[in-house]
Amino acid sequence: MKTIAPALEVISNSYGSSFTYTKHAEKTNSKAHLWHYHPEIELVYINGGAGKRQIGSHVSYYTNGSLLLIGSNLPHCGFTNEQTGNKNEIVIHIKPEFLGNDFLVVPEMKKVQNVLSQAKAGIAFGGETKKKIGKKIEMMENQLPFERLMTLLSILDELDSSEEYTLLNADGFSLELQTQDNDRINVIFNYVKDHFQESIALDEVSNLVSMTTPSFCRYFKKISNKTFTEFVNEYRLVHASKLLAEKPISINEVCFESGFNNFSHFSKSFKQYTGKSASQYRHEHKITIK
6 MKTIAPALEV ISNSYGSSFT YTKHAEKTNS KAHLWHYHPE IELVYINGGA
56 GKRQIGSHVS YYTNGSLLLI GSNLPHCGFT NEQTGNKNEI VIHIKPEFLG
106 NDFLVVPEMK KVQNVLSQAK AGIAFGGETK KKIGKKIEMM ENQLPFERLM
156 TLLSILDELD SSEEYTLLNA DGFSLELQTQ DNDRINVIFN YVKDHFQESI
206 ALDEVSNLVS MTTPSFCRYF KKISNKTFTE FVNEYRLVHA SKLLAEKPIS
256 INEVCFESGF NNFSHFSKSF KQYTGKSASQ YRHEHKITIK
């Protein structure tokens, strides 16, 4: 069986700049379907729309755009595609030492250093923070290099002060670059991404990474702080959330299209995961159904 290794993305700085600023028009981000990682810290702003995001072992469904800060070498998929509905996506890549190792330890940079450290787990920002910082990120497109750098530093400083955030891998998913771990966990994630609608056997996944099933279960729990079954179920529930918000199909169809083969189990799991029944969730998100 063929598996896809994670893509190591090689990133070059924008001309005349210590970091990279890239604006993707709607549907033009070629990385949208790739599971990849890179040493650069990534700041992403998606100006509207709804879609799925997977960062480390975290998977969730976003609405009304997204503002993310993703740490160095933290694997993730792209966040937009032809169904997302956003107008553009801006991605900023920052090398961990982009201003030199000594610059980040000066007292004035303490908040910037702190938020970049927290980004190892991946951070999603919401509320007014998402709106305010999103506008600043969009303004950077037309700024000169020095002004753009000052704006970036002020953004990072503000993000550390925000209380409107969620740590996406709160209890310690971390691929601090161990190449073997990176390759192994990414094979697992790619397999789940491609097969979550089917029945997934533990021994089959264990074989993919050349481990016994007990060893694989211990390994996955240690790496991701959740069991493999919990991870697969979360992936299915997020997909169900997406279907409920975007497709006018029956809840029963949502259940089976998301990889669940028991409607009662799906209903109970969805309520536990979202705090709402599937019908409540659909009612609250029906504006996004086309």
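Under our numbering, the first residue of the sequence shown is numbered 6, with each subsequent residue one higher.
Ideal placement from N, C-alpha and C gives every residue a C-beta, glycine not left out.
Looking at the secondary structure, which residues open and close the alpha helix (DSSP H) in which residue i lies?
{"i": "VAL378", "result": "Because the chain here runs from 6 to 295, residue 378 falls outside it and cannot be looked at."}
{"i": "PHE233", "result": "233 to 251"}
{"i": "GLN118", "result": "115 to 123"}
{"i": "LEU157", "result": "150 to 166"}
{"i": "GLY132", "result": "132 to 144"}
{"i": "LEU48", "result": "Run containing LEU48: none in the alpha helix (DSSP H); it sits in the beta strand (DSSP E), 46 to 51."}
{"i": "LYS273", "result": "268 to 279"}
Excluding the five sequence neighbours on either side, which residues of its own chain have a C-beta within less than 6 Å of the C-beta of residue i, listed in chain order?
{"i": "LEU182", "result": "At LEU182 the pLDDT is 43, less than 50, meaning the model places this residue with poor confidence; the figure from the coordinates comes in the next sentence. Answer for LEU182: ASN78, listed in chain order."}
{"i": "TYR278", "result": "LEU242"}
{"i": "CYS260", "result": "PHE268, PHE271"}
{"i": "THR171", "result": "ALA129"}
{"i": "PHE225", "result": "PHE233"}
{"i": "ASP208", "result": "THR218"}
Below 7 Å CB to CB, which residues in the same chain sit around residue i once its five sequence neighbours on both sides are set aside?
{"i": "SER65", "result": "ARG58, VAL243"}
{"i": "LEU173", "result": "ILE60, GLY61, HIS63, ALA126, GLY127, ILE128, ALA129"}
{"i": "MET114", "result": "PHE108"}
Taking the beta strand (DSSP E) that residue i belongs to, which residues open and close that run?
{"i": "HIS323", "result": "Absent from the model: residue 323. The displayed extent of the chain is 6 to 295, so no value can be given."}
{"i": "ILE95", "result": "93 to 99"}
{"i": "THR171", "result": "170 to 172"}
{"i": "ILE75", "result": "71 to 75"}
{"i": "SER65", "result": "63 to 67"}
With distances taken between CB atoms, is the gap from residue i to residue j smaller than 8 Å?
{"i": "VAL197", "j": "VAL237", "result": "yes"}
{"i": "GLY53", "j": "LYS92", "result": "yes"}
{"i": "VAL210", "j": "PHE233", "result": "yes"}
{"i": "PRO44", "j": "PRO80", "result": "no"}
{"i": "ILE97", "j": "TYR26", "result": "yes"}
{"i": "ILE46", "j": "GLY90", "result": "no"}
{"i": "SER22", "j": "PRO150", "result": "yes"}
{"i": "SER274", "j": "ILE256", "result": "no"}
{"i": "GLY70", "j": "ILE99", "result": "no"}
{"i": "VAL117", "j": "LEU158", "result": "yes"}
{"i": "LEU74", "j": "LEU104", "result": "no"}
{"i": "TYR67", "j": "GLY83", "result": "no"}
{"i": "THR156", "j": "LYS140", "result": "no"}
For my contact list, residue i and residue j are in at a C-beta cut-off of 8 Å; report their separation, rounded to the angstrom.
{"i": "GLU5", "j": "GLN202", "result": "The displayed coordinates of the chain run from 6 to 295. Any statement about residue 5 would go beyond what the structure contains."}
{"i": "GLU87", "j": "HIS29", "result": "Actually they are not in contact, since the Cβ atoms of GLU87 and HIS29 sit about 13 Å apart, beyond 8 Å."}
{"i": "PHE313", "j": "TRP40", "result": "As shown, the chain starts at 6 and ends at 295. That puts residue 313 outside it, with no answer to give."}
Under 8 Å Cβ to Cβ from residue i, same chain only, skipping five residues before and after it: list those, please.
{"i": "THR134", "result": "LEU72, GLU163, LEU164, SER167, GLU169, TYR170"}
{"i": "GLU146", "result": "TYR26, LYS28, ILE95"}
{"i": "TYR286", "result": "SER246, LEU249, ALA250, PHE275, THR279"}
Step through the CB atoms of chain C and report whether any lies within less than 8 Å of the CB of residue i.
{"i": "TYR26", "result": "Although the question refers to chain C, the structure presented lacks it and comprises just one protein chain."}
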